[in-house]
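Protein chains in written order, with this note's numbering: chain U, 966 to 1474; chain Y, 4 to 118. For each residue, glycine too, the CB sits at the ideal point set by N, CA and C. Given the structure is predicted, the values throughout are model-derived calculations rather than measurements.
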Amino acid sequence: MVHAPVLAIAVPLLGAFALPLLARLNRRARDLWAAGIAVATLVFGIAVAVQVFASGRPLVYTLGAPSPTASVTEGGFPIRIVLVVDALGAYMGIIALLAGAVGLFYSFQYLVEEEGKTLGTSLLLLLWAGILGLVYTGDLFNFFVFLEITSIAACALIGYRVWEPRPPEAAFKTMVMYTLGGLLVLVSVGILYGEYDALNIAYLSKLITGTLLDKLALGLLLGGLLMKAGAVPAHMWAPDAYGEAPAMAAIVLVANTQAAIYALLRVVFTLFGGALASPGIGWLIASLGTVTVLVAVLMAVVQRHLGRLVAYGAVSQLGYMLLAVGVGVVAAGKGFGEVALKGGIFHMINDLASVGLLFLVVGAIRRAVGSVDLLSLGGLGHTLRWESGFFLLGALALAGIPPLNGFASKFLIYESTFKASPILAAVAVLSSILLLGVGVRAFHGIFLGPKTRDVASSPRGMLVAMGVLAVIIVVFGLFPGFFIERMVSPAVQAILGGRASYLAAVLGG
Amino acid sequence: MGNMPFVVSMILVGLGFLALITRRNLIKLTIGISVIEMGVNLFLVSLGYVKGGIAPIYTYAPPGFKEMVFPTPQALTLTAIVIGLATTALMLAFAVVIYRHRGTLDAGKIRELKG
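Dropping the structure here:
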């Protein structure tokens, strides 16, 4: 299992490109191949996470070295590409693995053969590989490459339904934003390379002193990543993208967005952690987060298209994470800064479970009825029993109703934000209440009322995929302490105090 | 000379942004993105330029050479060019599909792309 980090990226990448070839031979072989690839990726990814959490030290894998564990430096200058997984990376890796596995499992019965099932599955694997690479890499240029892999795969998936007019338009819009964000990151990589002759994140972090060029690079990186994450004012693409993407892609897109938040944490706390961690950046991120929450929730109220309604819910949850990250930067070193980061990081997996569940239910409704217009839906609860239960569970978890998982993480965010700024906390709580109203109204409109049409229930595979997320929502809500202690706390420690051990793991000494 | 290549590359980036802001045609938007990409690539190439430097192949190096070029920026630029090609191809493909649905390439007339 020494090679687990690189295999977790390489296996889905190989799987994605071999899949169309196998589909030419035999469809059964293709499905078995996709399942095998998914299982192998899960095994390698979990092996990485177990190693990191068990040892408590960052895991370093050097590509192209005589031995993969050999330190990257020869004479103190890093010449090789490294993968570095610390507790935060392992945690984000678990989220990506969960999203990819659930999405793939769901897609087996969700995608239709005549509508390009082969290509959809292939792109999903490619997106999965891209996110895992983005999370595991310890090299700034590879970071850009994986960012672009996720962008291209994600946009192709958003425009998957080319026979409808709206998906290609949403995909084009998203592509413009993703590409611009990626190019900002590339310019910033170029500036840092020109200044320090290095691309290794740990080595750069050691050298960065906080010159004007460093500040410029930090600004460009933050701008690019916030565009990728879909924060206000660069949020216009996000609801279109989530709303038009097929359901199994929407849940992986949520993980993709969270990978941007992960990268933001990595940049602020590891790369620029030594020189440029200032409260100003924290206030900027926190206020952008709060505005994102408010704008997204208000937009969710007026939506008629169910996919877009859930999409605005997803954008609002992203705002909560940004708010927590911002407060964490503002109050770095104080007790409530740590609480904020705990809340924000714990909220990532909770958000994936609740928003992902809602997206999967929307996909099931679209498959059963053929429409997701709130005005034309009604009375579906008579036939889609499981789906109605899952939707209500997801909506309540999204709004942060105890005892579900959304409450566990949002409570930490409210508590810490209140200490930093009561106004931001009040806006956050108020938005959650609005979100509850939106969710309950949508539930009422779709599932309650007299039975208007006969629809077939979803296939069992799709229900199982939704059920997995529902179980996570309930279990994480009932026993949050267990997960916070085992997984979230190490990740927070990796951000706050882990820069030294990250640098030591890569550079030695 | 000095900073001239950086100035030129940033002018290209600026022109690309100008195109993105002022143009509504989807093909022209794609061209705008491409121009920004080229500007960034030029920036990366000029970062790696060493005056009087030679290609870093030891067996072909002439006797008495002074400086070799560190090839990383060139490798980065090649990768960035390939990625740019994929991006452009995908955007143009979407433009074709959108044209088939709507019969126009004007972003202003396409509801989804407003705002």
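Paired residues, beta bridge with residue i - DSSP
| i | result |
| --- | --- |
| U/Leu1048 | U/Tyr1026 and U/Thr1102 |
| Y/Met71 | Y/Ile57 |
| U/Phe1448 | U/Phe1448 pairs with nothing; no bridge assigned. |
| Y/Asn28 | Y/Asp109 |
Environment of residue i [buried if 16+ CB atoms lie within 10 Å]
| i | result |
| --- | --- |
| Y/Phe68 | exposed |
| U/Leu1177 | exposed |
| U/Asp1205 | buried |
| U/Ala1390 | buried |
| U/Leu978 | buried |
| Y/Asn6 | exposed |
| U/Tyr1101 | buried |
| U/His1409 | exposed |
| U/Tyr1379 | buried |
| U/His1475 | No information on residue 1475 of chain U is available, as it lies outside the stretch 966 to 1474 that chain U covers here. |
| Y/Arg27 | exposed |
| U/Arg1273 | buried |
| U/Arg1231 | buried |
| U/Ala1470 | buried |
| U/Leu972 | buried |
| U/Ser1170 | buried |
| U/Tyr1158 | buried |
| U/Phe982 | exposed |
| Y/Tyr63 | exposed |
| U/Met1313 | buried |
Inter-residue Cα distance where the pair is residue i and residue j
| i | j | result |
| --- | --- | --- |
| U/Gly1195 | Y/Tyr61 | 47 Å |
| U/Leu1048 | U/Gly1054 | 10 Å |
| Y/Leu23 | U/Leu990 | 44 Å |
| U/His1270 | U/Glu1209 | 10 Å |
| U/Ser1072 | Y/Leu79 | 36 Å |
| U/Asp1179 | U/Phe1109 | 18 Å |
| U/Leu1089 | Y/Glu70 | 46 Å |
| U/Phe1070 | U/Gly1426 | 7 Å |
| Y/Gly118 | U/Met1201 | Because the pLDDT at Y/Gly118 is just 41, under 50, the model does not fix this residue reliably, and the value given afterwards should be weighed accordingly. Near 7 Å, if we compare the C-alpha coordinates of U/Met1201 and Y/Gly118. |
| U/Gly1321 | Y/Tyr102 | 32 Å |
| U/Ala1228 | U/Val1290 | 12 Å |
| U/Pro920 | Y/Ala98 | Any answer about residue 920 of chain U is impossible in this case: the structure gives chain U only from 966 up to 1474. |
| U/Glu1080 | U/Pro1133 | 15 Å |
| U/Arg1126 | U/Pro1211 | 8 Å |
| U/Tyr1285 | U/Val1262 | 11 Å |
| U/Gln1016 | U/Asn1315 | 23 Å |
| U/Arg1406 | U/Leu1253 | 28 Å |
| U/Arg995 | U/Leu1091 | 15 Å |
| U/Ser1466 | U/Val1267 | 48 Å |
| U/Arg1331 | U/Gly1344 | 15 Å |
| U/Leu1097 | U/Gly1414 | 44 Å |
| Y/Leu32 | U/Pro1387 | 43 Å |
| U/Ala988 | U/Ile1002 | 14 Å |
| U/Ala1360 | U/Met1213 | 18 Å |
| U/Val1392 | U/Gly1365 | 14 Å |
| U/Ile1117 | U/Met1140 | 8 Å |
| U/Gly1404 | U/Leu1283 | 17 Å |
| U/Arg1503 | U/Gly1068 | No statement about residue 1503 of chain U is possible, as the shown extent of chain U runs from 966 to 1474 and does not include it. |
| U/Gly1085 | U/Leu1122 | 7 Å |
| U/Leu1468 | U/Tyr1168 | 7 Å |
| U/Asp1051 | U/Ile1059 | 12 Å |
| Y/Leu15 | U/Phe1111 | 25 Å |
| U/Gly1146 | U/Phe1444 | 38 Å |
| U/Val1150 | U/Ser1353 | 42 Å |
| U/Lys1138 | U/Thr1144 | 10 Å |
| U/Leu1007 | Y/Val53 | 46 Å |
| U/Leu1434 | U/Ala1318 | 5 Å |
| U/Trp1128 | U/Phe1412 | 28 Å |
Closer than 8 Å to chain B by CB, residue i
| i | result |
| --- | --- |
| U/Ala1167 | Considering every chain present, this structure includes no chain B. Its protein chains are U and Y. |
Q. Are at least three pairs of beta-carbons, each pair with one atom in the stretch 1150 to 1169 of chain U and one in the stretch 69 to 77 of chain Y, less than 8 Å apart?
A. Verdict: yes, contact present.
Q | 3 or more residues per run - each beta strand (DSSP E) lying fully within the stretch 1335 to 1382 of chain U | A | none
(Q) List, from N- to C-terminal side, the alpha helix (DSSP H) runs of 4 residues or more that fit wholly inside the stretch 1271 to 1322 of chain U. (A) 1271 to 1295
Q. Below 8 Å, can you find three or more Cβ-Cβ pairs linking the stretch 1183 to 1199 of chain U to the stretch 1243 to 1262 of chain U?
A. Under the Cβ criterion (8 Å, minimum of three pairs), the stretch 1183 to 1199 of chain U counts as touching the stretch 1243 to 1262 of chain U.
Q. Are the stretch 1342 to 1356 of chain U and the stretch 1291 to 1308 of chain U in contact at 8 Å, needing three or more beta carbon pairs?
A. no
Q) Curious, which full-length alpha helix (DSSP H) runs of at least 4 residues does the stretch 1119 to 1169 of chain U contain? A) 1131 to 1161
Q. At a cut of 8 Å, does the stretch 1019 to 1030 of chain U reach the stretch 1417 to 1433 of chain U through at least three beta carbon pairs?
A. no
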